[in-house]
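Numbering (my numbering), first residue to last: 3 to 449.
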């Protein structure tokens with residue numbers, strides 16, 4: 003499998019190098035040279051396939067014989083050992099529950115697959131691999147769980163102080179062993195900037211084996227494509243000749259939606275994608291106006307989507323066109339993208355109202371991120387009623403316990419694996435937003 007940089011298509015690497023390197027040297031992102039179309043035979047047998055079987059075939063199509071089939075199958079089966087069920091709300095709306103993994107968030111798909119893949123590639127290495135990951139909430143918990151006690155791999159998680167929920171923070175800060183949490187006095191964008199600066203620091207890269215577990219790493223995107231096929235499979239079983247399928251994706255760094263676009267390029271018959279955000283609406287604004295203007299993020303109820311400069315936007319641009327020069331998007335790219343992707347944004351008040359509406363109307367408990375997705379799908383289907391819409395429910399509502407209970411005015415059940423975290427002591431290193439401070443700490447940590 004060959005991959006290129008979104009900034010320079012002549013800069014190509016193999017899968018192992020892309021996974022370990024995380025970012026290309028030119029600060030682009032890696033993309034597959036070839037995105038294959040799955041054969042008709044795959045879709046004919048799709049209704050009878052399991053999620054791990056889907057994952058294996060999607061992986062094999064992308065990776066080819068780069069990893070032997072028995073090894074690749076073992077990687078997928080070890081990583082994806084939990085379900086992703088569809089729940090029907092009404093005739094038009096479905097929920098894809100992506101929180102049945104260990105950390106109760108969709109990030110488990112990418113983190114566990116990446117942990118297995120890196121462990122496979124890392125066999126026999128003489129120096130530890132240091133994984134850097136910035137999180138706005140769920141990524142850190144999934145990465146911590148996925149890589150916990152993995153031999154030869156150490157994990158450093160950067161999260162914004164006071165901007166993740168209590169239980170999310172406990173998932174990052176209570177494992178110990180090979181997992182270290184840095185509490186950054188800033189925003190998610192600050193955390194992400196520190197990680198990117200480390201990867202572009204040639205001196206650090208020479209002395210420390212670094213890789214990333216954020217969605218900038220291609221190993222995160224590949225397994226996230228699996229559950230789009232799985233959702234479509236379940237819809238086929240329920241209603242083989244139903245209305246066209248649209249996916250509504252609560253979005254922050256836009257890795258999840260990019261994985262859906264990848265699945266579509268591989269042949270998944272998706273009519274449209276809906277990008278649902280909170281007030282951090284950089285990409286919905288771009289889809290409406292053609293003007294892309296990153297800006298500082300603002301805190302919201304749906305904190306995992308508090309991103310002001312989404313990293314995966316460059317991958318979306320790469321799939322729909324190209325940059326003119328370094329920063330100015332051409333109009334054809336914008337037109338191509340908005341034919342396939344619509345953007346909607348909602349504030350906290352509308353989000354809270356939606357959590358209550360879903361509870362009262364459907365007797366279904368949804369977290370604030372999923373509620374933003376519900377609002378976006380609802381608006382979209384007013385203009386496109388003859389569609390089946392799938393909302394990606396990205397995290398269990400109990401991960402946002404205080405907010406959800408306040409909104410609903412009652413207590414909700416907390417899964418045991420979350421409840422037991424409440425009394426564990428937090429262990430985190432305080433960190434500024436200055437790269438020099440982070441660099442000094444990293445040199446001491448990995449020395």
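Ideal Cβ positions, reconstructed from N, Cα and C, are used throughout, including at glycine. This structure is a prediction, so every number in the text was calculated from the model and none was measured.
task: Alpha carbon to alpha carbon, how far is residue 221 from residue 115? Give it in angstroms, no decimals.
output: The alpha-carbon separation between residue 115 and residue 221 amounts to approximately 7 Å.
query: When burial is assigned at 16 or more other CB atoms within 10 Å of the CB, is residue 291 buried or exposed?
result: Counting Cβ neighbours within 10 Å, residue 291 comes out exposed, since fewer than 16 surround it.
- request: Helix, strand or coil for residue 121, going by three-state DSSP, please let me know.
  value: DSSP places residue 121 within a helical segment (H, G or I) once states are collapsed to three.
field: Candidates 301, 371, 241, 226, of which the one nearest residue 58 by Cα
entry: Out of 301, 371, 241, 226, 226 has the C-alpha closest to the C-alpha of residue 58.
- request: Within the segment 134-181, note down every full alpha helix (DSSP H) run reaching 4 residues or more, in order along the chain.
  value: Under the rule that a run must span 4 or more residues, the alpha helix (DSSP H) segments found entirely inside the segment 134-181 read 140-149, 168-175.
Closest by C-alpha distance to residue 2, when choosing among 289, 360, 373, 271: Here the chain comprises residues numbered 3 to 449, so residue 2 is not present and cannot be evaluated.
- prompt: Can you tell me the Cα-Cα spacing of residue 65 and residue 361, whole angstroms?
  reply: So the alpha carbons of these two residues sit roughly 42 Å apart.
- prompt: Under a Cβ-count criterion, where at least 16 other Cβ atoms within 10 Å of its own Cβ denotes burial, should residue 179 be classed as buried or exposed?
  reply: Looking at its Cβ environment, which holds fewer than 16 other Cβ atoms inside 10 Å, residue 179 is exposed.
query: Which residue from 155, 419, 367 puts its Cα closest to that of residue 396?
result: The shortest C-alpha to C-alpha distance from residue 396 to any of 155, 419, 367 is the one to 367.
Residue 368, DSSP secondary structure in three states: Coil, per DSSP.
message: Looking at the ligand SAH, does it come within less than 7 Å of residue 412, judged from the CB to the closest heavy atom?
response: Here there are no bound small molecules, and the ligand SAH is not part of this structure.
field: Check whether residue 61 and residue 89 have beta carbons under 8 Å apart
entry: Against a cut-off of 8 Å, the Cβ pair of residue 89 and residue 61 comes out as no contact.
message: Within a Cβ cutoff of 6 Å, which residues of the same chain sit near residue 109, ignoring the five residues on either side of it in sequence?
response: Contacts found: 140, 141, 144.
query: For residue 92, which residues of its own chain have a beta-carbon under 8 Å away from its beta-carbon, when the five flanking residues on both sides are left out?
result: Excluding sequence neighbours, residue 92 sits near 364.
message: Considering only their Cβ atoms, is the gap separating residue 173 from residue 146 smaller than 8 Å?
response: Yes, Cβ-Cβ distance for residue 146 and residue 173 is below 8 Å.
Supposed contact pair residue 191 and residue 299 - C-beta distance, whole angstroms, cut 8 Å: With a beta-carbon spacing of about 5 Å, residue 299 and residue 191 fall inside the 8 Å limit used to define contacts.
field: Residues of its chain near residue 54, where Cβ-Cβ distance is below 7 Å and the 5 sequence neighbours each way are ignored
entry: Around residue 54, the same chain offers 78, 79, 82 as residues with beta carbons nearer than 7 Å, after the five sequence neighbours per side are excluded.
Separation of residue 263 from residue 16, as counted between CA atoms: In a straight line, the C-alpha of residue 16 is about 22 Å away from that of residue 263.
- prompt: Under the rule that 16 or more other beta-carbon atoms within 10 Å means buried, what is residue 334, buried or exposed?
  reply: Under this definition residue 334 is an exposed residue.
- request: Work out the CA separation of residue 400 and residue 73 for me, nearest whole Å.
  value: Rounded to the nearest angstrom, the two C-alpha atoms are 36 Å apart.
query: Grouping DSSP H, G and I as helix and E and B as strand, with all else coil, what is residue 14?
result: Three-state result, residue 14: strand.
message: Tell me the residue span of the beta strand (DSSP E) that contains residue 432.
response: Counting along the chain, residue 432 sits inside the beta strand (DSSP E) bounded by residues 431-433.
query: Near residue 273, which residues of its chain fall below 7 Å by C-beta distance, leaving aside the five closest residues on each side in sequence?
result: 246, 247, 248, 389.
task: From the DSSP output, in three-state form, read off residue 78 for me.
output: DSSP, reduced to helix, strand and coil, places residue 78 within a helical segment of the structure shown.
query: Taking the alpha helix (DSSP H) that residue 316 falls in, what are its first and last residues?
result: Its alpha helix (DSSP H) spans residues 315-322.
- request: Count the other C-beta atoms from every protein chain shown that fall within 10 angstroms of the C-beta of residue 270, then say buried if there are 16 or more, exposed otherwise.
  value: Result: buried.
message: For the structure I just gave you, are there three or more beta carbon pairs, one from the segment 157-173 and one from the segment 416-431, closer than 8 Å?
response: The count of Cβ pairs closer than 8 Å, one atom from the segment 157-173 and one from the segment 416-431, reaches three, so the stretches are in contact.
Alpha carbon of residue 18 to alpha carbon of residue 409, nearest angstrom: Distance between the alpha carbons of residue 18 and residue 409 is about 45 Å.
task: Would you mind sorting residue 421 into buried or exposed? The rule is 16 or more other CB atoms within 10 Å of its CB.
output: Flag for residue 421 reads exposed.
query: Tell me which same chain residues have a C-beta within less than 6 Å of the C-beta of residue 279, skipping the five on either side of it?
result: Excluding positions up to five away in sequence, the list reads 253, 286, 307, 347.
message: If you reduce the DSSP assignment to three classes, tell me which class residue 414 lands in.
response: In the three-state scheme derived from DSSP, where H, G and I count as helix and E and B as strand, residue 414 is classed as coil.
- prompt: So residue 132 and residue 158 are in contact, right, with Cβ under 8 Å, and what is the actual spacing, rounded?
  reply: Rounded to the nearest angstrom, the Cβ distance from residue 132 to residue 158 is 6 Å, consistent with a contact under 8 Å.
task: List in chain order: all unbroken beta strand (DSSP E) runs of 3+ residues lying wholly within the segment 224-272.
output: Uninterrupted beta strand (DSSP E) stretches at least 3 residues long and entirely within the segment 224-272 occur at 247-252, given in chain order.
query: Can you tell me whether DSSP reads residue 291 as helix, strand or coil?
result: In this structure, residue 291 counts as helix in the three-state DSSP scheme.
field: Exposure label - residue 35; buried when at least 16 CB within 10 Å
entry: Burial is judged here by how many other beta carbons sit within 10 angstroms of a residue's own beta carbon; residue 35 has fewer than 16 and is exposed.
- prompt: By the 10 Å Cβ neighbour count, where 16 or more other Cβ atoms means buried, how is residue 317 classified, buried or exposed?
  reply: Per the 10 Å Cβ criterion, buried.
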